[in-house]
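Peer 1:
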Amino acid sequence: MTEPTQVTSETPSQSLDFIRKIITQDIASNKHAGRVETRFPPEPNGYLHIGHAKSINLNFGVAQEYQGVCHLRFDDTNPEKEEQEYIDAIEKDVRWLGFDWGQHLYHASDYYDQFHQYAIELINKGLAYVCHLSPEDTRGYRGTLTKPGQNSPYRDRSPEENLAWFEKMRCGEVKEGECVLRAKIDMSHPNINMRDPALYRIKHAVHPRTGDKWCIYPLYDFAHCISDAIENITHSLCTLEFEDHRPLYVWVLDNITIACRPRQIEFARLELSYTVLSKRKLLQLVNENIINGWDDPRMPTISGLRRRGYTPEAIRNFCNHIGVNKTNSVIEIGTLEFYLREDLNLRAQRVMAVLHPLKVVIENYPEEQVEEFDAENNPEDTSAGTRKIPFTRTVYIEQTDFQEDPPTGYFRLAPGREVRLKHAYYITCRQVIKDKTTGEVIELHCSYDPESRGGGTPDKRRVKGTLQWVSIAHAVTAEVRLYDHLFATADPNAVPEGKDFKTNLNPDSLVTLTNCKLEPSLKNLESGARFQFMRHGYFCVDPDSTPDYPVFNRTTTLRDTWAKIQKKQK
RNA sequence: UGCCGACUAGCUCAACUGGCAGAGCACCUGCCUCUGGAGCAGGGGGUUUCAGGUUCGAUUCCUGAGUCGGCAGCCA
0 MTEPTQVTSE TPSQSLDFIR KIITQDIASN KHAGRVETRF PPEPNGYLHI GHAKSINLNF
60 GVAQEYQGVC HLRFDDTNPE KEEQEYIDAI EKDVRWLGFD WGQHLYHASD YYDQFHQYAI
120 ELINKGLAYV CHLSPEDTRG YRGTLTKPGQ NSPYRDRSPE ENLAWFEKMR CGEVKEGECV
180 LRAKIDMSHP NINMRDPALY RIKHAVHPRT GDKWCIYPLY DFAHCISDAI ENITHSLCTL
240 EFEDHRPLYV WVLDNITIAC RPRQIEFARL ELSYTVLSKR KLLQLVNENI INGWDDPRMP
300 TISGLRRRGY TPEAIRNFCN HIGVNKTNSV IEIGTLEFYL REDLNLRAQR VMAVLHPLKV
360 VIENYPEEQV EEFDAENNPE DTSAGTRKIP FTRTVYIEQT DFQEDPPTGY FRLAPGREVR
420 LKHAYYITCR QVIKDKTTGE VIELHCSYDP ESRGGGTPDK RRVKGTLQWV SIAHAVTAEV
480 RLYDHLFATA DPNAVPEGKD FKTNLNPDSL VTLTNCKLEP SLKNLESGAR FQFMRHGYFC
540 VDPDSTPDYP VFNRTTTLRD TWAKIQKKQK
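Numbered continuously in numbering that gives the first Met the number 0, the first sequence closes out at residue 569.
1. Between which two residues does the beta strand (DSSP E) harbouring phenylalanine 266 extend?
2. Looking at C-alpha atoms only, which residue of Thr513, His484, Val494 is the closest neighbour of arginine 307?
3. Pick out whichever of Asn231, Arg169, Ile232 has its Cα sitting closest to the Cα of lysine 202.
4. List the endpoints of the continuous beta strand (DSSP E) containing proline 217.
5. Please report the straight-line C-alpha distance between glutamine 402 and valine 494, rounded to a whole angstrom.
6. So, with DSSP's three-state summary, where would you put cysteine 178?
7. What are the boundary residues of the beta strand (DSSP E) that includes asparagine 514?
8. When burial is assigned at 16 or more other CB atoms within 10 Å of the CB, is histidine 320 buried or exposed?
9. State the CB to CB distance for the pair phenylalanine 114 and alanine 258, rounded to an integer number of angstroms; the pair is presumed to be in contact (CB under 8 angstroms).
10. Going by DSSP, what residues sit across from histidine 106 in a beta bridge?
11. Looking at the structure shown, is valine 249 part of a helix, part of a strand, or coil, going by DSSP?
12. Could you say which of Asn286, Val61, Asp185, Tyr537 lies nearest to arginine 349 if we only look at CA atoms?
13. In chain order, what residues of the same chain have a beta carbon less than 6 angstroms from the beta carbon of asparagine 327, not counting five sequence neighbours either side?
14. At a cut-off of 7 angstroms, would you count leucine 239 as near the ligand NAD, judging by its Cβ distance to the nearest heavy atom?
15. Assuming cysteine 69 contacts asparagine 58 under a Cβ cut-off of 8 angstroms, what Cβ separation, rounded to an integer in Å, is found between them?
16. Would isoleucine 441 be called buried (16 or more neighbouring beta carbons within 10 Å of its own) or exposed?
17. Output the distance between the C-alpha atoms of arginine 260 and proline 189, rounded to the nearest integer angstrom.
18. Going by DSSP in three states, threonine 10 sits in which element: helix, strand or coil?
19. Considering just the uninterrupted stretch of the beta strand (DSSP E) at glycine 415, what are its terminal residues?
20. So, at 8 angstroms on beta carbons, what are the nonlocal neighbours of histidine 234 in its own chain, with the 5 sequence-adjacent residues on each side left out?
21. Compute the distance between the beta-carbons of serine 446 and arginine 429, then report whether it is under 8 angstroms.
22. Please go through the same chain and pick out, in chain order, the residues whose beta-carbon is closer than 8 angstroms to the beta-carbon of glutamate 64, but skip the five residues on each side of it.
23. Relative to the C-alpha of glutamine 398, which residue among Thr391, Ser226, Glu379, Ala352 is closest?
24. Please classify arginine 279: is it buried, with 16 or more other beta-carbons within 10 angstroms of its beta-carbon, or exposed?
25. Name the DSSP bridge partner or partners of arginine 349?
26. For the beta strand (DSSP E) containing leucine 427, list its first residue and its last residue.
27. Nearest-angstrom Cα distance between lysine 522 and phenylalanine 551?
28. For glutamate 371, which of Tyr216, Phe317, Gly453 has the nearest alpha-carbon?
29. Would you call glycine 148 buried or exposed, if buried means 16 or more other Cβ atoms sit within 10 Å of its Cβ?
30. Mark glutamine 467 as exposed unless 16 or more other C-beta atoms lie within 10 angstroms of its C-beta, in which case mark it buried.
31. Between which two residues does the alpha helix (DSSP H) containing proline 142 stretch?
32. Going straight from the alpha carbon of threonine 555 to that of valine 394, what length do you get?
33. Could you give the residue range of the beta strand (DSSP E) that holds asparagine 327?
34. In the structure shown, what three-state DSSP assignment does arginine 200 receive?
35. Measure from the alpha carbon of cysteine 237 to the alpha carbon of each residue in Asn376, Asp458, Ser54, then state which is nearest.
36. Please list, in chain order, all residues of the same chain as serine 470 whose beta carbon is under 7 angstroms from its beta carbon, the five residues on each side excluded.
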């Protein structure tokens, strides 16, 4: 491999991550003629999640920055686990994240003929052999982490014999598990991956793309490096667990007739607190119906985040912020939520929604009168304009915005107290109506000050509380799904002996409210539309919505400074 | 007990390849307001895992130790 030459860059960019440093050096030394070509190589055996977003952002991002290209390649070498549904979902998710592979859509299965030829080349060179050891015996012969392995009794078969057996494997004359094609490297190698790894195994399975053409399928270590080389990949970025496989990656390419030598570089996979990012575990949550499918808004999948109301920009900003290195680390979920709020704050229209309605009658307001107030759509973005909001004698406010016996420091509504109804009038609580049997507050009678129209009074008196409200006559009834972290503990994998990660599931990760009252503008909305429900958080329209019955998902709450104040007072 | 890798603020990352350790988030404080669950500004916080060594000078280089992570699929 070419050593990077010392080059003084004219534009010392501020702090490149270690991968971009390598690429910058490679370009400077004219390795690969200055070309940059990366690839995102998912196996279609599940949905993409936020951890994949990190890899997608890296691979496509690097390609963009260096005027290169990034391929989308399905690493489809295990037909038993792979499905068309996953292939479709992956393409959709990568596009949604904002990346485009152009003409560069590939499948490892496109290269099956070439893999086969390269396997024959290795056999002819005496570098691969067909081994009839059972899986159990193979394990025994491999040795352990501390003990070297032993040569397979089939290791010294002649190329002719190997060729014959390999052909029998290929044309379906051998049963699954009976034999395997192995590389002939070194059974005492300190790196276990080099102890004659399997290259091909027999699987009488139908492949989503190649159908029943093949009954032998290459393993990752054989297929991946060759796929990279066939596609002329320059930098093959993968996660840390493949570090030990790099010598094998190099060995395969060094021993077959192929010109391209991509450089494999490993980086740390993403881990997030309060969630799991293992495909196996996510599959388990889906299969056991613990959540409602891959796109359940509590899932860390791209489709789950999308349904939850995340924006591609927020996810990309997050990925750019966390950077890339070789340190195993757990990112706080709050960091992801920070980038979400940062983005949503600028683009989400503010609307009024009452989640737990409490009826308020404004006694001195004319019975039949309807007034319309102009409401600012987004104080962060004046170009977002205004809308009209109808006001009448009876409105809903939030149950939590009234306390009969308020503690000190409570600035919302209470008997005799005055508050402002956002965009409308000041009201004062005159009477509290309770359910005779339960004692529950069911209605408030208030008076309004006509002078306070629009939210201020000539005497400039200060009103501390401002509440959102909805006119009862105009209210839209909706379902609102309040989502919280899927797991109750920061590290879901930390469990007592004999328990599994599901022990840590958050029982309150979904709370469904069915009698929410929304302002009338929130009707006939497009699925996915995002809003800020004032003083509550960010919400988006769920695909389950119908024109008559909107369903909203809580994407995230607002920054919770009030909770901190309350905590401090205790 | 083998091989590989990583340790810098509570968290995530920087530090121009040896020159006074910085940033975002979090936290704290203040300001402002028709979101007292919005917004804005400022501040505190480090024996750079430890012990030696080289050097005028070490987060950076060397040696050793510790801790954590990965590897014994015919998964990727």
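Glycine included, C-beta positions come from ideal geometry on N, C-alpha and C.
Peer 2: In brief:
1. Counting from one through the first sequence, the residue named residue 266 turns up at place 267. Where phenylalanine 266 is concerned, the enclosing beta strand (DSSP E) stretches over 262 to 266.
2. Taking the first sequence and counting its residues from 1, the one referred to as residue 307 is at position 308. Arginine 307 has its Cα closest to that of His484, out of Thr513, His484, Val494.
3. Along the first sequence, read from residue 1 onward, the residue named residue 202 stands at position 203. Answer by Cα proximity: Arg169.
4. Taking the first sequence and counting its residues from 1, one reaches residue 217 at position 218. Run containing proline 217: 215 to 217, per the beta strand (DSSP E) assignment.
5. Taking the first residue of the first sequence as position 1, residue 402 is located at position 403. Taking the first residue of the first sequence as position 1, residue 494 is located at position 495. Each residue's Cα considered, the two are about 41 angstroms apart.
6. Stepping through the first sequence from its first residue, residue 178 is reached at position 179. Correct three-state label for cysteine 178: coil.
7. For the purposes of this step, residue 514 is identified with residue 515 of the first sequence, where counting begins at 1. Note, asparagine 514: beta strand (DSSP E), 509 to 517.
8. Against the first sequence, residue 320 aligns to sequence position 321. Classification of histidine 320: exposed, given that the 10 Å Cβ count is below 16.
9. Numbered from its first residue, the first sequence carries residue 114 at position 115. Numbered from its first residue, the first sequence carries residue 258 at position 259. The Cβ separation is near 17 angstroms, so there is no contact.
10. Along the first sequence, one-based indexing puts residue 106 at 107. Answer is Phe73, bridged to histidine 106.
11. Locating residue 249 in the first sequence gives position 250, counting from the first residue. It is helical.
12. Here residue 349 corresponds to residue number 350 of the first sequence, with the count starting at 1. Closest option to arginine 349, Cα to Cα, is Tyr537.
13. Taking the first residue of the first sequence as 1, we reach residue 327 at position 328. Hits under 6 angstroms: Ala267.
14. The ligand NAD is not part of this structure, which contains no ligands at all.
15. Indexing the first sequence from 1 puts residue 69 at position 70. Indexing the first sequence from 1 puts residue 58 at position 59. Indeed, because the Cβ distance is near 5 angstroms, the residues count as touching under 8 angstroms.
16. Numbered from 1 along the first sequence, position 442 holds the residue referred to as residue 441. So isoleucine 441 counts as exposed.
17. Here residue 260 is taken as the residue at index 261 of the first sequence, counted from 1. Here residue 189 is taken as the residue at index 190 of the first sequence, counted from 1. Rounded to the nearest angstrom, the two C-alpha atoms are 24 angstroms apart.
18. Taking the first residue of the first sequence as position 1, residue 10 is located at position 11. Residue placement at threonine 10 cannot be trusted, given a pLDDT of 32 that sits under 50; what the coordinates show is reported in the next sentence. Coil at threonine 10, not helix or strand.
19. The count along the first sequence starts at 1 and reaches residue 415 at position 416. No beta strand (DSSP E) holds glycine 415; DSSP gives it neither H nor E.
20. If you number the first sequence from 1, residue 234 lands on position 235. Around histidine 234: Ile18, Ile21, Ile22, Asp25, Val35, Glu36, Thr37, Val61, Pro261, Arg262, Ile264.
21. Indexing the first sequence from 1 puts residue 446 at position 447. Indexing the first sequence from 1 puts residue 429 at position 430. It is a contact, given that the beta carbons lie within the stated cut-off.
22. Locating residue 64 in the first sequence gives position 65, counting from the first residue. These residues qualify, in order along the chain: Arg19.
23. By one-based count along the first sequence, residue 398 stands at place 399. The residue with the shortest Cα to Cα distance from glutamine 398 is Ala352.
24. Looking up residue 279 in the first sequence gives position 280. That one is exposed.
25. To locate residue 349, count along the first sequence from 1; it is residue 350. The partner list for arginine 349 (beta bridge, DSSP) reads Gln531.
26. Residue mapping note: residue 427 aligns to position 428 of the first sequence, counting from 1. Looking at the sequence provided, one finds threonine at residue 427 rather than leucine. Its beta strand (DSSP E) spans residues 425 to 433.
27. Residue numbering aside, residue 522 sits at position 523 when the first sequence is read from its first letter. Residue numbering aside, residue 551 sits at position 552 when the first sequence is read from its first letter. Approximately 12 angstroms between the Cα atoms of the pair.
28. Your numbering for residue 371 matches position 372 in the first sequence. Nearest option by C-alpha distance: Gly453.
29. Within the first sequence, the letter at position 149 stands for residue 148. Classification of glycine 148: buried, given that the 10 Å Cβ count is 16 or more.
30. Within the first sequence, the letter at position 468 stands for residue 467. Answer is buried; the Cβ neighbour count reaches 16.
31. The count along the first sequence starts at 1 and reaches residue 142 at position 143. Looking at the sequence provided, one finds glycine at residue 142 rather than proline. Taken as a continuous stretch (DSSP letters only), glycine 142 belongs to no alpha helix (DSSP H), as it is neither H nor E.
32. Translated into positions along the first sequence, residue 555 becomes position 556. Translated into positions along the first sequence, residue 394 becomes position 395. The alpha-carbon atoms of threonine 555 and valine 394 are separated by roughly 26 angstroms.
33. If you number the first sequence from 1, residue 327 lands on position 328. Neither: asparagine 327 is in no beta strand (DSSP E) and is coded neither H nor E.
34. Taking the first residue of the first sequence as position 1, residue 200 is located at position 201. Here arginine 200 sits in strand by DSSP.
35. If you number the first sequence from 1, residue 237 lands on position 238. Nearest option by C-alpha distance: Ser54.
36. Locating residue 470 in the first sequence gives position 471, counting from the first residue. Counting only Cβ-Cβ distances below 7 angstroms, and skipping sequence neighbours, we find Pro389, Phe390, Thr391, Val394.
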